[in-house]
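Student:
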Amino acid sequence: MSNHINQRIARLRNLVEGGLHQDNLQKIVSECDQLAQDTLHVLTFYVLRNLFRGIDSAIEGEAVTVERHKELTRDVQRSVLAILRQVGQNNHPSREELERLITFYYRNFVLFRG
Amino acid sequence: MKTKSADLKSRLRALLAGKSVCREEVTLASGAKSNFYVDSKMTTLDPEGAWLVGKLGWELVKAEKCARKTDIKAIGGLTMGADPIALAVSLASWDDDQSNALQTFVVRKEPKKHGRHKLIEGNFKSGQSVVIVDDVITTGESAIKAIRAVEEAGGKIAFVLVLVDRQEGGRENIERCGAPVRAIFTRADLTGTHVQSHQSADCALA
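Protein chains in written order, with this note's numbering: chain A, 1 to 114; chain B, 1001 to 1206.
(1) If contacts are defined as beta-carbon pairs under 8 Å, then Thr73/A and Ile55/A qualify, I think. What distance do you get, rounded to the angstrom?
(2) Residues in its own chain within less than 6 Å of Ser1211/B by CB, not counting five upstream and five downstream?
(3) Which residues in the same chain have their Cβ closer than 8 Å to the Cβ of Leu1060/B, if we skip the five residues on either side of it in sequence?
(4) Any residues in the segment 1005 to 1026 of chain B with a beta carbon nearer than 7 Å to a beta carbon of chain A? Which ones, in chain order?
(5) With DSSP collapsed to three states, give me the class of Ala1074/B.
(6) Quick one: what's Leu30/A bridged to in DSSP?
(7) Who are the neighbours of Gln26/A on chain B, taking C-beta pairs under 7 Å?
(8) Taking buried to mean at least 16 other C-beta atoms within 10 Å of its own C-beta, is Tyr105/A buried or exposed?
(9) By the criterion of Cβ-Cβ separation under 7 Å, what are the contact partners of Leu1163/B in chain A?
(10) Would you say Gly1054/B lies against chain A (beta-carbon separation less than 8 Å)?
(11) Using 8 Å as the threshold, is the C-beta distance between Leu1015/B and Glu1064/B below it?
(12) Please list, in chain order, the chain B residues whose beta carbon lies closer than 7 Å to that of Gln22/A.
(13) With a 10 Å radius around its C-beta and 16 neighbouring C-beta atoms as the bar for buried, classify Gly1170/B as buried or exposed.
(14) Can you give me the Cβ contacts of Val110/A inside the same chain, cut-off strictly under 7 Å, excluding the 5 residues immediately before and after it?
(15) How long is the line joining the alpha carbons of Glu97/A and Ala1086/B, rounded to whole angstroms?
(16) Which of the residues in the segment 1032 to 1050 of chain B, read from start to end, lie with their CB under 7 Å from any CB of chain A?
(17) Give me whichever residues DSSP pairs with Ala1121/B in a beta bridge.
(18) For Phe1159/B, report the span of its beta strand (DSSP E) as first-last.
(19) Let's test the definition: count the other Cβ atoms within 10 Å of the Cβ of Lys1055/B and tell me whether it reaches 16, buried, or not, exposed.
(20) State buried or exposed for His1117/B, treating a residue as buried only when at least 16 other CB atoms are found within 10 Å of its CB.
(21) Are Lys1112/B and Gln26/A closer than 8 Å when you measure CB to CB?
(22) Alpha carbon to alpha carbon, how far is Ala1143/B from Ile1174/B? Give it in angstroms, no decimals.
(23) Kindly list, in the order they appear in chain B, the residues whose Cβ is closer than 8 Å to that of His41/A.
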């Protein structure tokens, strides 16, 4: 992968580390959307884009209680960072890893909606 | 007129305190944690609240028009917090002076995916001097996004009208972009003696 792409992935990782709050989420969604189109990791970034878009939509325009925010993002950040580390080394994450991430996302949503 | 404005402001402050100010610990859009949250839409989407915001906002716009000798043509901001405020001020301007009424526009968070990929919807024209509006500023990110969108589309920013300035650096960040900020209320105004209801049943947290 080119240096330019590596830098963009590093920037995305910094954003995710910065926290899954609304201001960051909008930048993360936009970055994933572009990386899905600019790299060979189309599926990974498309999954990440949709996942972050879902979280962003859930909290759009609102402040969320600290507890609810924890429910909505539990395990997601850690899991995404592990995936981004692999992508940064130009490895494709396994199907199981992506499925685990999506399972976290749906589990959190059930808690969030409950 | 001053007494009237003060009276309107006092009514709006009471409404915000009763319907919008929450004291539960929340994560804000900026990621910061806070136990002071203003759910502005509970007030700006209330008929009395919208009327008061419109009147007070229009008074501010008129004062700025006069002070800056600028012909302000339109008002709008980043959807959705800005939308009811922009429309309320626009309605108040029309009620006061139809020949100088403000037009309203909406700035999308993302460009439309189809058609003309518009980021700004409604009544905005390149070259116009406009007011950017925001409901609550913390870091000022939303207002700055709207400023950039309008400037890229050829608009000029007269000033930024804010319902509540949380006094956490947003004003400074916006003013660094060259747009002066005028707030109807600051956090201090709302946390003063006027605020009596900190945990309202009306307060809808996501």
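For glycine and all other residues, C-beta sits at the position ideal for the given N, C-alpha and C.
Tutor: Once the coordinates are examined:
(1) 7 Å
(2) The structure shown does not extend to residue 1211/B, since chain B is modelled only from 1001 through 1206, so no value can be given for it.
(3) Leu1161, Arg1182 and Ile1184
(4) Glu1024, Glu1025 and Val1026
(5) strand
(6) The question names Leu, but residue 30/A in the sequence shown is Ser. Note: Ser30/A sits in no beta bridge, so no partner.
(7) Lys1109
(8) buried
(9) Those do not exist, as Leu1163/B stays about 14 Å from chain A at its closest Cβ, beyond 7 Å.
(10) no
(11) no
(12) Ala1029
(13) buried
(14) none
(15) 46 Å
(16) Lys1033 and Tyr1037
(17) Going by the sequence as given, residue 1121/B is Glu instead of Ala. Glu1121/B is bridged to Val1106/B.
(18) Lys1156 to Asp1165
(19) buried
(20) exposed
(21) no
(22) 7 Å
(23) Those within 8 Å of His41/A in chain B number zero; the least Cβ separation is about 22 Å.
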